[in-house]
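Taking it in order: structure first as structure tokens, then the write-up.
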Amino acid sequence: MDYAIEAKGLAQWYGRRERRAIDGIDLAVRPGELYGLVGPDGAGKTTTLRILSSVMHAREGTATVAGFDVRRDAEAVRRRIGYMPQAFSLYPDLTVRENLDFFADVNQVREDVRATRIAEMLAFSRLEEFQTRRAGNLSGGMKKKLALACALVHSPEVLILDEPSTGVDPVSRRELWQILAEVVHQGVAVLVSTPYMDEAERCHTVGMLYEGRMVASGAPGELTADLPFGIIEVKARPRKRMREIVSQTAGVGAWRPVGDRLRLSVARANDQVRQVLKSLEATLTAESLDTRLLRAVRPDMEDVFVHRVAQARAGA
Ligand SMILES: Nc1ncnc2c1ncn2[C@@H]1O[C@H](COP(=O)(O)OP(=O)(O)OP(=O)(O)O)[C@@H](O)[C@H]1O
Ligand SMILES: [Mg+2]
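Numbered per my numbering, the sequence shown spans residues 119 to 434.
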């Protein structure tokens, strides 16, 4: 078995067949691979993950998870995966430990290993100190970590997480991703959805979903290398004049503000990035702007997403 998760041509609709929630989704995840399904609200992330968790059947397409067909062998799939739904179901009146115990019970964790496994999960999720606190009284980040621990308590081969980091403070967010990296390191195949483009950088493989279709997939480095343009960042004052100069500079494709700087995309062909840098530097100097920053930077996942969506729209 090469892939822990393999999906081909998945399609789903809830009402009219023409209004597809997802359409023609292919994806494959190996053991020990972290796959990020990235996309905005309504892109089809939850629909895809529900199908792969055997919670719901696809209208079209096939998928195997841990070697079993999600449609024919739903029971076998469910036993081998950990699934954390977007609106996850902890029991607020039970303590942290009782929740873990409950999930261990439901997932038939053997009596002789249960105590050890729960202790491991408490340590792993950094929740040892809070084991007697009721789940309902945990912070948002701690709830997510507990839900993750509950999804892992039966040592699944495959972990499917629907937006584990949404609504979580930055510190807990980083911690969650560290925990995921450890899980992956132990050989588990992890499929995680997120609306945050910057989190895609943490994944081995990224699948970008937009309006139910996969507009890009690959390693983050490959996706950025495939872009036909480079990115220049510029920060100068007065800002209004900086924007005017940027919009009048030949070779600048699109630009958008990010914080107090502008990110410009410039075609890679014919050494254009270097030429635009030179011409911007000359103009900013000639007009005596206070230039704080002017440099070429690596494109990010958001640049990839914006480009691929534009391409998909142009093709549609
Ligand atoms: N039960 C349902 N009934 C009708 N339409 C649905 C249902 N569930 C999802 N949809 C529609 O299917 C599309 C995909 O929804 P889905 O929940 O899979 O997206 P998502 O990427 O998970 O979004 P979010 O980031 O908001 O969780 C959306 O247009 C949504 O409105
Ligand atoms: Mg969702």
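Where is the CB? At the ideal position from N, CA and C, for every residue including glycine. Keep in mind it's a predicted model, so treat the numbers as computed, not measured.
**Report entry** Close beta carbons around Lys261, own chain, < 7 angstroms, minus the five adjacent residues each side
**Finding:** Leu208, Ala253
Requested in this report: Would you kindly report the start and end of the unbroken alpha helix (DSSP H) that includes Gln249?
Outcome: If you look at Gln249, you'll find it isn't in any alpha helix (DSSP H); DSSP assigns it neither H nor E.
Query raised in the report: Contact check, Asp408 vs Ala372 under 8 angstroms by CB: the rounded distance?
Result: No, Asp408 and Ala372 are not in contact; Cβ-Cβ is about 25 angstroms, not under 8 angstroms.
Requested in this report: Quick one: which unbroken alpha helix (DSSP H) runs of 4-plus residues sit fully inside the stretch 186-222? Chain order, please.
Outcome: 192-198
Query - N-terminal and C-terminal residue of the beta strand (DSSP E) that Asp141 is part of - result: Note, Asp141: beta strand (DSSP E), 138-147.
Report task. Spatial neighbours of Thr180 within its chain, please: CB distance less than 6 angstroms, with the 5 preceding and 5 following residues excluded, ordered by chain position. Result -> Lys126
Query raised in the report: What number of angstroms, rounded off, separates the C-alpha of Leu256 from the C-alpha of Pro288?
Result: 16 angstroms
Query raised in the report: Hey, is Ala281 close to ligand 2, as in C-beta under 7 angstroms from one of its heavy atoms?
Result: A small correction: the amino acid at residue 281 is Glu; Ala does not occupy that position in the sequence shown. Within the cutoff, so yes.
Requested in this report: Determine the direct distance from the alpha carbon of Leu240 to that of Phe248, and round the result to whole angstroms.
Outcome: 9 angstroms
Query raised in the report: When burial is assigned at 16 or more other CB atoms within 10 Å of the CB, is Ala129 buried or exposed?
Result: buried
Query raised in the report: Do Gln226 and ligand 1 come close, with the Cβ less than 7 angstroms from some heavy atom?
Result: no
Query raised in the report: Relative to ligand 2, is the shortest distance from any of its heavy atoms to the C-beta of Thr164 smaller than 7 angstroms?
Result: yes
**Report entry** Paired residues, beta bridge with Met326 - DSSP
**Finding:** In DSSP, Met326 forms a bridge with Val156, Ala334.
Report task. Measuring alpha carbon to alpha carbon, tell me which of Arg148, Ala176, Leu264, Tyr201 ends up nearest Arg190. Result -> Ala176
Query - Contact test: Gln204 Cβ vs ligand 2 heavy atom, cutoff 7 angstroms - result: yes
Query - Close beta carbons around Asp316, own chain, < 8 angstroms, minus the five adjacent residues each side - result: Closer than 8 angstroms at the Cβ level, and outside the excluded window around Asp316, lie Asp418, Met419, Glu420.
Query raised in the report: Three or more beta-carbon pairs under 8 angstroms between the stretch 300-310 and the stretch 327-334, yes or no?
Result: no
Requested in this report: Please say whether Val271 and Ala205 have beta carbons closer to each other than 8 angstroms?
Outcome: Contact flag unset, no.
Query - Three-way DSSP call (helix, strand, coil) for Thr367 in this model - result: coil
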